[in-house]
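Visitor: Below you will find the structure I want to go over with you.
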Amino acid sequence: MQTVSKWEIMEVSLRSGKQIDNPFTEVNLRASFWQEGCCPYEVDGFYDGEENGEHVWRVRFAPMCEGEWNYRTVSDLPDLNSDGTFLCGAPVSRGGLTTNPHFANWFFREDGGPQMILNEGWYPHPANGGFHYFEDVD
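So, in structure tokens, the structure goes:
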């Protein structure tokens, strides 16, 4: 069984040897991920080119609860329909960024810890001498 850490990306790769004129627009792929006690999620898959003469589609998901997860892919191309499970283990990072619901410009990590953004786009700025205006020269 595949193991992935909490908040890290889990990827499902699906292949088909069927001849398709435009796999970007002719094939729809969707995946459902669920675990008891955690919200179910649905994500879109995407076409990722060819490998060894076969078309490849991928679905990516970052689990937010530890334990065993289930997934099911559904497509209008039967080769891409599949079921599976994977195990979500302990986190190796603090998780993705999220905003504080009361102060939209304060950031936190998914583990609840604060995250200070060092450059919020203020630098270079005319007030700190780091920005230079250039005049047109005739």
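Here the sequence shown is numbered in our numbering, starting from 646 and rising by one per residue.
By construction, the Cβ of each residue, glycine as well, lies at the ideal position given by its N, Cα and C atoms.
In this text, all values refer to a predicted model and were calculated from it rather than measured experimentally.
Output the distance between the C-alpha atoms of R754 and Q760, rounded to the nearest integer angstrom.
Guide: 6 Å
Visitor: At what residues does the alpha helix (DSSP H) containing F669 begin and finish?
Guide: P668 to E671
Visitor: Tell me whether the beta-carbon of H700 lies closer than 8 Å to the beta-carbon of R660.
Guide: Yes.
Visitor: Counting pairs of Cβ atoms below 8 Å between the segment 650-657 and the segment 728-744, do you hit three or more?
Guide: yes
Visitor: Determine the burial state of W679: buried for a count of at least 16 other Cβ atoms within 10 Å of its Cβ, exposed for fewer.
Guide: exposed
Visitor: So, at 7 Å on beta carbons, what are the nonlocal neighbours of V665 in its own chain, with the 5 sequence-adjacent residues on each side left out?
Guide: For the record, residue 665 in the displayed sequence is Ile; it is not Val. Same-chain partners within the cutoff: E671, V672 and H700.
Visitor: Could you give the residue range of the beta strand (DSSP E) that holds C733?
Guide: S727 to G734
Visitor: In whole angstroms, what is the alpha-carbon distance linking V737 and P723?
Guide: So the alpha carbons of these two residues sit roughly 36 Å apart.
Visitor: First and last residue of the beta strand (DSSP E) that includes R754?
Guide: F752 to R754
Visitor: If you follow the beta strand (DSSP E) that N715 is in, where does it begin and where does it stop?
Guide: N715 -> beta strand (DSSP E) spans G712 to S720.
Visitor: Can you find the residues in the same chain that come closer than 8 Å, C-beta to C-beta, to T743, ignoring five residues on each side of it along the sequence?
Guide: F752, F753, R754 and E755
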